[in-house]
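Chains as they are written, first to last, in our numbering: chain A, 37 to 346; chain B, 8 to 360.
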């Protein structure tokens, strides 16, 4: 058998290529042409699954707080029909059914809501079950600023408002830049230790919080190669002598009880940014309130700058 | 203890004699292991295991802070926690005459866990489920005291459910029931207050990170007391190995002796877990290792298990700090891998021979 294309094969090949091109064009355009009624929405989520929706979804369930917030700022809060247990912003969603967590999601309750779109994170057994049941489950990672930007864009395209994603991202960047401009110049470049949990776990330069701190012009005692949230040897922190310690107020209040930590200049001179649990939650949540979160960090840095001058 | 009990025991003494040299050898080995472990612990900092870094640190002007305040106490602390768990494990296995018994059996682990979760969740539950003044009170208690109180409360619940310590099976069953119940309550609380989950997990995996000199003093005092008590009650445990009926016929007041033993093992466990979390497997494996390499009466077994626990946890602590430095592995994970691996190997040996 010859491998040379016969005329018939050549024709088939050409047709196939045209089909591929057409699909790529549709996918590439996404939903730029909202008017095109017949045009399907095609997105590829962070697990590599391709989703095809005939029309923008009208009944949305979000199983991740950051995605709930993303959907809300994209202006389709009214289309949310259910959220996960931990979604708590904005207050408007309090009346929605809360459908458990990612790993103990109430499959039956979710199915009963007949959502045409479920937003969830990449790792969850419950979501696999919902996929088997035929629901459209879009799985998104949200670990970094880049993830946040990508999911904003993707959710916006899914919802049929592709430009909105870019607009919200631009607003977030403006907010972060405004916060960065407020950071006292004397504090720029100072080395921060941001504690995530009393392990002690730190938010490294690679983490979501770390990226925000970097944009604010602050340095991090935990370099990117240690990963996003390493459990550190406490000696490492004491040795690194951070200029400023940030974390949850409750954890920071107990810092002096840790052996040797009262010798830290940041602890001794109260160069601390302690956050109550609600604002702290906002800080560590990779969602569309990251601009506001950056503002909180700047507020604390301004306060430290003022006390430092006295 | 009655005269008949004393008269009955020399029999065991004589039967044990050939093992005396093995015991001496094991004692020397454990001593060497502890000394090496302490030295290795001192030489393991954020740079990993490195004696040369220790030398530079010793000459640096932060030596008293880094080595004196942080590294030395946590290294010694690991040894003390290990000793407490090893001793408690040997007490539990003697008390229940069951080689699978471990110090967490009687509700102390789940009680301590619940105490920790309560403190961690207090802030977020405040206002809704509990009053704010209660929150302030709970937070003032602190994690260490909460774990300690929780562990003792768990055992107290078990004892009251079993109506004292007269019946072993009843006591075991009550321990399991209390464990499940308290565990479920703390799971429920973490569902309502997810930010407690992180701290709870850290507690479940165990850590020597924040052991300071005051914690050491407390544990050392506890260990000294428990070792002294163990010497006194070792013979009762020996009598128990003959069976409950024989022990009673030797004049042992079983109910009272068991109660004392339960209190001893819960004090040891509560001290250890409140300072270092639920370090897995040391309490189970240490007595096994001792019995396998140098069997003997409980007077020996209890002391040796403490020594074995200390050397085990020292080794695990050094590994957990050195392997991914400057990051750390939770020490409980390392002990579980070492302990599990050892039991795996032991079982394979037994089945193949």
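Even glycine gets a Cβ: it sits at the ideal position worked out from N, Cα and C.
- Across the segment 85-101 of chain B, no CB contact with chain A closer than 9 Å is found for any residue.
- Against chain A, the beta carbon of residue 76/B has neighbours under 8 Å at 295, 296, 299, listed in chain order.
- The beta carbon of residue 313/A falls within 9 Å of a beta carbon belonging to chain B, placing the residue at that interface.
- Residue 150/A sits exposed, since fewer than 16 C-beta atoms from the chains shown fall within 10 Å of its C-beta.
- For residue 72/B, the neighbours in chain A by C-beta distance under 7 Å run, in chain order, 274, 296, 299.
- Here residue 104/A is buried, its C-beta having at least 16 other C-beta atoms within 10 Å.
- Neighbours of residue 58/B across chain A, judged by C-beta separation under 7 Å, do not exist; the nearest C-beta is about 16 Å away.
- Between the segment 93-105 of chain B and the segment 322-330 of chain B, the count of C-beta pairs closer than 8 Å stays below three; the two stretches do not touch.
- In this structure, 328/A is the residue among 91/A, 146/A, 328/A, 223/A with its C-alpha nearest to the C-alpha of residue 208/A.
- Bounds of any beta strand (DSSP E) do not take in residue 313/A; it lies within the alpha helix (DSSP H) bounded by 313-319.
- Taken in chain order, the complete alpha helix (DSSP H) segments of 4 or more residues contained in the segment 126-181 of chain A are 143-148, 161-168.
- Beyond the five residues adjoining it in sequence on each side, residue 153/A comes within less than 7 Å, by CB distance, of 93, 96, 172, 174, 194 in the same chain, given in chain order.
- At a cut-off of 9 Å between beta-carbon atoms, residue 143/A makes no contact with chain B.
- Interface criterion not met: the Cβ of residue 229/A is under 9 Å from no Cβ in chain B.
- Using a Cβ distance threshold of 9 Å, residue 267/A and residue 334/B count as a contacting pair.
- Taking 7 Å as the cut-off between beta carbons, the residues of the segment 103-125 of chain A near chain B are 122, in sequence order.
- Close to chain A, meaning a Cβ-Cβ distance shorter than 8 Å, are the following residues of the segment 189-221 of chain B: 198, 201, 202, 205, 206, 209, 214, 216, 217, 218, 219, 220.
- In this chain, the alpha helix (DSSP H) harbouring residue 310/B covers 305-329.
- Listed in chain order, the non-local C-beta contacts of residue 268/B below 8 Å within the same chain comprise 98, 101, 102, 172, 240, 243, 244, local neighbours out to five positions each way being set aside.
- Our two residues, residue 176/A and residue 114/A, have alpha carbons roughly 21 Å apart in a direct line.
- Sequence-distant partners of residue 190/A (beyond 5 residues in either direction) whose C-beta falls short of 6 Å from its own C-beta, in its chain, are 79.
- Boundaries of the alpha helix (DSSP H) harbouring residue 351/B: 338-359, taken from the DSSP string.
- The beta carbons of residue 88/A and residue 158/A sit no closer together than 9 Å.
- Within chain B, the residues 52, 53, 216, 328, 332, 333, 334, 335 have their CB atoms less than 8 Å from the CB of residue 269/A, given in chain order.
- The Cβ neighbour count for residue 295/B, taken over all protein chains shown within 10 Å, is at least 16; the residue is labelled buried.
- Of the residues 345/B, 303/B, 323/B, 346/B, the one whose Cα lies closest to the Cα of residue 26/B is 303/B.
- By the neighbour-count criterion, in which 16 or more other beta carbons inside 10 Å mark a residue as buried, residue 109/B falls on the buried side.
- Cβ contact annotation for residue 43/B (same chain, cutoff 6 Å, sequence separation greater than five): none.
- In this structure, residue 278/B and residue 86/B do not form a Cβ contact; the two beta carbons are roughly 14 Å apart against a cut-off of 8 Å.
- Three or more Cβ pairs drawn from the segment 339-358 of chain B and the segment 278-293 of chain B lie within less than 8 Å of each other, which places the two stretches in contact.
- Just measuring C-alpha positions, the residue of 204/A, 296/A, 199/A, 240/A sitting nearest residue 106/A is 204/A.
- Contact note: residue 322/A does not reach chain B at a C-beta cutoff of 7 Å; the least C-beta distance is about 16 Å.
- DSSP, reduced to helix, strand and coil, places residue 91/A outside both helices and strands of the structure shown, so it counts as coil.
- Taking C-beta separations shorter than 6 Å and ignoring five residues to either side along the sequence, the partners of residue 128/B in its chain run 196, 200, 203, following chain order.
- Apart from sequence neighbours up to five positions away, the residues of its chain that approach residue 33/B with a beta-carbon distance below 6 Å are 300, 301, ordered along the chain.
- Under DSSP, residue 238/A takes part in a beta bridge, and its partners are 231/A.
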